[in-house]
Amino acid sequence: MTRLSLSLPRRDREAGFTLLEMLVVIAIIGLLMAIVGPQVLNQLAKAKTHTAKIQIVSTESALDEFQADVGRYPSQTEGLAALTVAPPSVSGWNGPYSKAIPPDPWGHPYHYLNPGKHGEIDIYSLGADNADGGTSAATDVGNWQSAPSG
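Reminder that position 148 of the sequence shown reads as 147 in numbering that gives the first Met the number 0, one-by-one numbering, no gaps.
Encoded structure:
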């Protein structure tokens, strides 16, 4: 055998990427994620807040139907469950007014107050942190705030 037949052709030795090239690509991807990541998370927080507003408007509409049939909103103890199952000793209930009351977009149950602090009734979510106050994903969303647009 000759020396030439034992060595690999030049193009086979140069196929593939070097460790340095791979590290450069990983660094560029990391920089892009550092720039784009917070924007994506911010949009996700806005989408969840918008979803909560829509669900609250829908629940408030179901409560208005309950009120039209029964003559009052569900009591504090009856809660939002009165929209899906007739409370005992309630006449005029013609529901269910909602198939189910979904949790808020962060997985917590919606809060219901009757009488409300901001109106006759309050329906609200405390956001991602499930605590009063907050900003961004932790912002509180209630039926006393303006309805969602588009």
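We treat Cβ as the ideally placed atom computed from N, Cα and C, and that holds for glycine. Keep in mind it's a predicted model, so treat the numbers as computed, not measured.
Note down, in chain order, each residue of its chain lying with its Cβ closer than 7 Å to the Cβ of residue i, except the 5 sequence neighbours on either side.
i, result
"Ala51", "Asp103, Pro104, Ser124, Val140"
"Thr48", "Thr138, Val140"
"Ala136", "Ala44, Lys47, Gly126, Ala127"
"Glu59", "Ile122, Asn142"
"Val89", "Val69"
"Gly115", "Asp121"
To the nearest angstrom, how far is it from the Cα of residue i to the Cα of residue j?
i, j, result
"Gly132", "Thr138", "6 Å"
"Pro37", "Gly15", "33 Å"
"Asn129", "Val35", "27 Å"
"Val39", "Ser57", "27 Å"
"Leu31", "Leu22", "14 Å"
"Asn41", "Ile25", "24 Å"
"Leu18", "Ile28", "15 Å"
If residue i and residue j are in contact, beta carbons under 8 Å, what's the gap, nearest whole angstrom?
i, j, result
"Gln75", "Leu43", "About 33 Å separates the two Cβ atoms, so there is no contact after all."
"Glu64", "Tyr96", "5 Å"
Using 8 Å as the threshold, is the C-beta distance between residue i and residue j below it?
i, j, result
"Ala85", "Gly78", "no"
"Gln54", "Pro101", "yes"
"Ala61", "Pro73", "no"
Going by Cα to Cα distance, which pick from the options is closest to residue i?
i, options, result
"Gly91", "His107, Pro37, Lys45, Asp68", "Asp68"
"Trp143", "Asp121, Ala136, Thr134", "Asp121"
"Ala99", "Arg71, Ala33, Thr17, Thr83", "Thr83"
Who are the near neighbours of residue i in its chain, counting only those whose CB is closer than 6 Å to its CB and skipping five residues on each side?
i, result
"Glu119", "none"
Using C-beta distances below 8 Å, list every residue in its chain close to residue i, excluding the 5 sequence neighbours before and after it, in chain order.
i, result
"His107", "Ser124, Leu125, Asn129"
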